[in-house]
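Heads up: the structure comes next, in structure tokens.
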Amino acid sequence: MRGILGHGAYIPRWRLERASIGTALGSGAAKGTRAVASYDEDTTTMGAEAARLALRNAPGSTPATLWFSTTAPAYLDKTNATTIHAALRLERDVLAADAGGAARSATAALRTSLDGTAPALVVAADIRGGLAGGPDESAGGDGAAAVLVGDENDGTLVATYLGSASASEEFLDRWRAPDDSWSKLWEERFGEGRYLELGEHAWKHALKAAGLAAADVTDLIVAGLHGRAVRALARRLAVPPTRVVDTLDASVGCTGAAHPLLLLSSALECAAPGAVIGLVALADGADVFFFRASGSGTPVPPARTVDAQQSGGRVVPYGKYLAWRGRLQAEPPRRPDPARVSAPAAGRAIEWKFGFVGSRSPGSDEVRLPPAVPGADPRGSPEPAPMADALGTVATYTVDRLAYSPSPPIVFAVVDFDGGGRLPIELTDVGPDEVTIGTRVEMTFRRLSSADGIVNYFWKARPVTAGVPGGDE
Amino acid sequence: MGSHGIRDKVAIVGMGCTRFTEHWDKGADLLAVEAANDAFRSAGVDKTEVDAYWLGTALSGASGMALSKPLELSGKPVVRVENMCATGAESLRQAAYAVACGAYDVAAAVGVEKAKDSGYQGLNAFPIPNDGSARTLTAAAMFSMAVPAYAHKYGVDPAEMKRVLAEIASKNHANGARNVRAQFRREVPVEEILSMPTVAGELTVMDCAGVADGAAAAIVVRAEDAHRYTDHPIYIKALSSVAGDGKGLSDPGYDYTTFREAADCAREAYAQAGIRDPRHELAMAQVHDCFTITELILCEDLGFAERGMAWKDVLAGAFRLDGVLPVNTDGGLKSFGHPVGASGLRMIFECWLQLRGEAEERQLDTSRGLALTHNLGGYPGEMVSCITVLGDQRS
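These protein sequence lines map, in sequence, to chains A and B.
Counting from 1, one number per residue, gives the positions in the first sequence under the numbering used here.
Counting from 474, one number per residue, gives the positions in the second sequence under the numbering used here.
What follows is the structure, given as structure tokens:
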């Protein structure tokens, strides 16, 4: 039996109020908010965060393959999945590859993984934007999700896979030239018509493959960048409206490649035992999947649920949002730009830089961050001390209004970790007035800067978010 | 194994120091030549009579040729020294040891920094290729973490703490106002300092040292030869240097109210110089006031005040020109700015002037006969420290 071993979603902390777009541009005001990746996040870091949650949700299971899908990759030519592979500290013989470019890539990777035999981690993340005041900017959202697929032999199945079907067709609904930074859309009535036909086609075949009737479906997810088609199709599939899963348009927005997996994770969190979940993803055709939630007790949700994440959030002003996306150039501090990372130095430090692994001194509880250099301690060799999942407490802190940052000021703290170890480190997702001595923090994978096109990935600390055991929040 | 020092074996017989300021019209080469020529004149030697040179510069040149080319030295050993903000003092340490061991009769230490050519605020090190995980915080922010730590540990009210730091800044500016070589020569009242906005933690721009260009130089010979060059040689009593293991950054026991390297460095210096009670044996001290909080903590680490008491001493005026132990009598980094390679030698130059009675309106009663300079480079938890103790008598 094949199915889902674990899942997790990551929604960044920041929210753009759609009304603020209209206020800034002197145009009409839309309702609700959309999720916004911080200046120090990209699709790779958000994907890594979602993947960490998914693996934590599936203790004992490890993937043989890691797929990463996004329409907004940090790198081209170079694989982004290897960065996530490093942040997760997966074994070297795990295949880590990007299945990227189009929004459909994520459900394609999911389908491929479900039809395969080895455990596979499907990670998807997107940063969605568009021209100022346009529908993509307003309706889009930033976020990530990850699903670990495998057999019952690979771990405990949260949900079993019942069947799927796809429909593919070449038509121009939305498109983007490789060097353009936003998409263009055809008149939406045309796309709606194609999606309704293709969605119904795939739905019918998937029901047949799974041996289900529409009435059996207890949770219907329809996801896609064509909002009008998504809403119309959900009404057409003979599933009562009360069984249709919220698309999070009002709070998060549509997270592109990540959205089908994000909504799947959301549905799995609260699915009753035996619930039948239908997932319909509309992108250049339709991909339909059916799952049955584990019958033995309620599945354990990830430490940070979609519900907890989507309801939290802190407002970012529209101007700052534009600056974060590089579409409004803000005056930087008069300090030198960061130097590019040395590839060999980063390669030597892969466990520290990407995995946040320090060292434990031989014969003692002393934790060293960064790890000690072997050969200096006469007691023996230092042991690895993985610290990415450790929580910590702010011992002291400061706010640096002078240092280079893509979004000054830098909030910085000396963090003492539970179980040993101290590191002076940058904080994120926090205002200068939100930190104090004693603030509890957790580690998060971020991009510190980029230079010469090289992204400098490392870890930061942030105040613990709701639902983290030991967070005391 | 053992550390023995070279107390009274080496003497400074000549010194020079440029004005420290924004020398838009002078490069590191010209500043170094000016300081060296002043020192040659002071000692009554010419450049060919100096047998070996040490050039202290952290960022403004590479190799001894950064000095040998502009000064047109040929066939001489000239070596560049770099030890962060202790670079200038370290160049003298190297020159003094070379003379003490008998390798050379006359040696020179020249420190220079051209800090204002970068186009950026503050001091900016040339980055060594790295893995990108090191923090990029400013020095101001790193040192600012000591402010709440000190206040909390010793129960100092935050407003009072700000006043203590402002008193330090005001004192150093008052001293600098009396020094023709200082970058900033205006007295700044405490109330004006208290009104400044913060730039890093609780530190304002008035808590930070300035940035300036400058150079200073010293000529050293064996102590027994000193009177051939000057009637008032200054003797080296101690040279102490410590490089930290950096564990303060990763040690949860470190509380940001002390700089271990400076305290270790002071112990060694006092042992070499035979000093037991620095507060009452020293006539003056020039300490590394890169930030006001740094000076406060150093006054405890260097034994000028009891632990937790320096803030009271500051408020009582203990470290003013007329205090029990005048600190940063020339105006300090606060008034001079901090051309890294020159600062240590600039401090030694002030001691040279004071101990020889040449400090004019800043002149102290130096009957105690001993002076100390201290530099540190790095940050709380990971730093180098260098101390020089000088005296006007050979005991």
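C-beta: ideal position from N, C-alpha, C; glycine also.
Sequence-distant residues of its chain with Cβ nearer than 7 Å to residue i (five each side left out)
{"i": "A/Ala209", "result": "Gly163, Ser164 and Ala165"}
{"i": "B/Arg780", "result": "Glu773"}
{"i": "B/Glu754", "result": "Ile748, Arg841 and Leu843"}
{"i": "B/Trp825", "result": "Ile485, Met488 and Ile707"}
{"i": "B/Glu855", "result": "Gly717, Gly719, Gly721 and Leu722"}
{"i": "A/Tyr39", "result": "Trp324, Pro406 and Ser407"}
{"i": "B/Val678", "result": "Met669 and Val672"}
{"i": "A/Ser61", "result": "Leu5, Gly6, Pro119, Leu148, Gly150, Asp154 and Gly155"}
Length of the line joining the Cα atoms of residue i and residue j
{"i": "B/Pro853", "j": "B/Phe616", "result": "6 Å"}
{"i": "B/Thr530", "j": "B/Cys490", "result": "15 Å"}
{"i": "B/Ala622", "j": "A/Ala145", "result": "41 Å"}
{"i": "A/Arg111", "j": "A/Val306", "result": "22 Å"}
{"i": "A/Ala48", "j": "A/Ala87", "result": "7 Å"}
{"i": "A/Ala413", "j": "A/Trp14", "result": "21 Å"}
{"i": "B/Leu837", "j": "B/Met820", "result": "15 Å"}
{"i": "A/Pro63", "j": "A/Ala118", "result": "8 Å"}
{"i": "B/Gly687", "j": "B/Glu833", "result": "21 Å"}
{"i": "B/Ser668", "j": "A/Asp173", "result": "60 Å"}
{"i": "A/Asp180", "j": "A/Arg56", "result": "37 Å"}
{"i": "A/Thr44", "j": "A/Ala72", "result": "9 Å"}
{"i": "A/Leu220", "j": "A/Ala108", "result": "19 Å"}
{"i": "B/Trp784", "j": "B/Trp497", "result": "38 Å"}
{"i": "A/Phe354", "j": "A/Tyr457", "result": "7 Å"}
Short CB-CB distance (under 9 Å) between residue i and chain A
{"i": "B/Leu532", "result": "no"}
{"i": "B/Gly674", "result": "yes"}
{"i": "B/Gly595", "result": "yes"}
{"i": "B/Gly790", "result": "no"}
{"i": "B/Gly592", "result": "yes"}
{"i": "B/Gly781", "result": "no"}
{"i": "B/Lys635", "result": "no"}
{"i": "B/Gly810", "result": "no"}
{"i": "B/Gly854", "result": "yes"}
Interface flag, residue i vs chain B, CB-CB below 9 Å
{"i": "A/Ala74", "result": "no"}
{"i": "A/Phe445", "result": "no"}
{"i": "A/Tyr39", "result": "no"}
{"i": "A/Asp541", "result": "Because chain A in this structure spans residues 1 to 473, residue 541 of chain A falls outside the shown range and cannot be described."}
{"i": "A/Asp416", "result": "yes"}
{"i": "A/Trp67", "result": "no"}
{"i": "A/Arg348", "result": "yes"}
{"i": "A/Pro338", "result": "yes"}
{"i": "A/Asn80", "result": "no"}
{"i": "A/Tyr10", "result": "no"}
Own chain, CB closer than 8 Å to residue i, minus 5 neighbours either side, in chain order
{"i": "A/Gly471", "result": "Because the pLDDT of A/Gly471 is 46, which lies under 50, any placement of that residue in the model is unreliable, and the question is left without a value."}
{"i": "B/Phe493", "result": "Arg654, Ala655, Gln656, Ala685, Asp686, Gly687, Phe809, Gly810, Pro812, Ala815 and Arg819"}
{"i": "A/Pro371", "result": "Glu351, Trp352, Val357, Gly358, Ser359, Pro382, Pro384 and Ala385"}
{"i": "A/Pro432", "result": "Val399, Pro409 and Val411"}
Contact set between residue i and chain A, taken where Cβ atoms lie within less than 8 Å
{"i": "B/Arg608", "result": "Phe412, Pro424, Ile425 and Glu426"}
{"i": "B/Tyr729", "result": "Thr396 and Val414"}
Amino acids of chain A, ordered along the chain, whose beta-carbon sits closer than 9 Å to that of residue i
{"i": "B/Asn648", "result": "Those do not exist, as B/Asn648 stays about 26 Å from chain A at its closest Cβ, beyond 9 Å."}
{"i": "B/Leu722", "result": "Leu369, Val414, Arg422, Leu423 and Pro424"}
Neighbouring residues, chain B, relative to residue i (Cβ below 9 Å)
{"i": "A/Thr436", "result": "Within chain B, no residue comes near A/Thr436; the closest Cβ sits about 10 Å away, beyond 9 Å."}
Close-in-space but distant-in-sequence residues of the same chain around residue i (CB under 6 Å, 5 per side omitted)
{"i": "B/Leu845", "result": "Leu755, Ala758 and Val862"}
{"i": "A/Gly6", "result": "Ala54, Asn57, Ala58 and Leu148"}
{"i": "B/Arg835", "result": "Arg651 and Thr802"}
Beta-carbon neighbours of residue i, restricted to chain B and to distances below 7 Å
{"i": "A/Ala385", "result": "Neighbours of A/Ala385 on chain B: none; closest Cβ ~11 Å, over 7 Å."}
{"i": "A/Ala345", "result": "Pro602, Asn603 and Asp604"}
{"i": "A/Leu391", "result": "Those do not exist, as A/Leu391 stays about 14 Å from chain B at its closest Cβ, beyond 7 Å."}
{"i": "A/Leu88", "result": "Those within 7 Å of A/Leu88 in chain B number zero; the least Cβ separation is about 18 Å."}
{"i": "A/Leu448", "result": "Gly605"}
{"i": "A/Phe190", "result": "The contacting residues do not exist; A/Phe190 stays about 47 Å from chain B at best."}
8 Å Cβ cut-off: residues of chain B touching residue i
{"i": "A/Arg401", "result": "Thr671, Val672 and Ala673"}
Residue-level contact to chain C via CB, residue i, 9 Å cutoff
{"i": "B/Pro725", "result": "Included in the structure are the protein chains A and B, with no chain C among them."}
Worksheet entry | Contact residues within the stretch 608-627 of chain B, judged by C-beta distance below 7 Å to chain A | Arg608, Thr609, Leu610, Thr611, Ala613, Ala614, Ser617, Met618, Pro621 and Ala622
Worksheet item: Closer than 7 Å, Cβ to any Cβ of chain B: which residues of the stretch 349-365 of chain A, in chain order?
Response: Ala349, Trp352 and Lys353
Fill in: chain B contacts from the stretch 315-341 of chain A (Cβ-Cβ distance under 7 Å)
Arg334, Arg335, Pro336, Pro338, Ala339 and Val341
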